[in-house]
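Residues 18 to 343 (our numbering) make up the sequence shown, in order.
Note that beta-carbon positions come from the ideal geometry of N, C-alpha and C, so glycine has one too.
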Amino acid sequence: MGSVDFNGTLEHQPLLVRLDSHTQIQNLSSEAIEEFLEHRPIALKWWSKLVMWESRLLWLLSGSSIVVSIFNYMLSFVTLMFTGHLGSLELAGASLASVGIQGLAYVYSRLGMASAVQTVCGQAYGAKKLGAMSIILQRAVILHIGAAVILSFLYWFSGDFLKAIGQSESIAEKGQVFSRGLIPQLYAFTISCPMQRFLQAQNIVNPLAYMSVGVFLVHILLTWVVVYVLDYGLLGAALSLSFSWWLLVLLNGFYIIFSPSCKETWTGFSVKAFRGIWPYFKLTVASAIMLCLEIWYSQGLVLISGLLSNPTISLDSISIWYAINI
């Protein structure tokens, strides 16, 4: 029996493993470790080594993914920091749009619908059906773009929506300006999310981390120029965020198309992506609803804070709390 390590090499280990003081835990396969754990009792001296072995594997798997998530989120966080220097009203409007409008779409499209991509692509990758992953990716992008078209109306008419739920008129107008500047970012979401899940299903995470950090650094400089030097205000801050997300989309796309790591999983554009959309749609909707119900409650606190006696201060305060809490 054997297992595939992170470099794709096959390690052959005996089914029954005896560990002595000279045995190196890191040289054993996962099957060998599991076989060892089934034989009790286990000497206390081995527990610390086993914990370190498990921790090392977890960090190898999740370390770069953590970096990607943090720096992708920091794009919006930095934008809110710059809008805070424009004024408390601008920060309140941007916070309401960023968390109340963008946050709802972000959870639905990025965390909800995109989670199905990683599930299905992971199954295809494990089954060695590498060519199918390209079709899954394209099918997901098609569905995400369809969802983005519908959500675009919420972004464009966000001011009316916010007023309808009782938000202050001045804050709702600022929120609408910011939301309209985020419409290009919404479509960048719909393309970037499936591509990142496509790469993560193949354990390609380090390039994603490098791209996320690079785009984040560019975004800081770009937002500073747009807000302070060019003085484009709230709309400029939102458009700079949209530009940074599209830059991330281009980098991800170029990597998928031209990288040797994806030469077997990316087979080019195909009309097959339009087939079998309905079953995949049902899977994505189920995943989206499950995650949305789990996360939206905290974002609802931001909308509720806008109904308090001093909504500007309330929204500014809770947006800072929400950003730190994330």
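- Across the structure, LEU239 and VAL230 are spaced so that their CA atoms are roughly 14 Å apart.
- In the structure shown, the three-state DSSP call for TRP283 is coil.
- Approximately 4 Å separates the beta-carbon atoms of GLN202 and SER259; this is inside 8 Å, confirming the contact.
- For ASP177, the uninterrupted alpha helix (DSSP H) segment begins and ends at 175 to 181.
- VAL85 sits away from GLN184, with the two beta carbons spaced by 8 Å or more.
- Around the C-beta of SER257, 16 or more other C-beta atoms lie within 10 Å, and the residue is accordingly described as buried.
- Here TYR142 is not near GLN217, since their CB atoms are 8 Å or more apart.
- At a cut-off of 4 residues, the continuous stretches assigned as alpha helix (DSSP H) that sit fully inside the segment 179 to 261 are 186 to 198, 200 to 217 and 223 to 241.
- In the structure shown, HIS161 adopts helical secondary structure according to DSSP, grouped into three states.
- The shortest C-alpha to C-alpha distance from GLY250 to any of LEU108, SER278, THR136 and LEU103 is the one to LEU103.
- Counting other Cβ atoms within 10 Å of its Cβ, TRP262 reaches 16 or more and is therefore classed as buried.
- For GLY117, no alpha helix (DSSP H) segment is defined, and its DSSP state is neither H nor E.
- Under the 8 Å Cβ criterion, the segment 89 to 97 does not count as touching the segment 150 to 163, having fewer than three qualifying pairs.
- Around the CB of VAL246, fewer than 16 other CB atoms lie within 10 Å, so the residue is classed as exposed.
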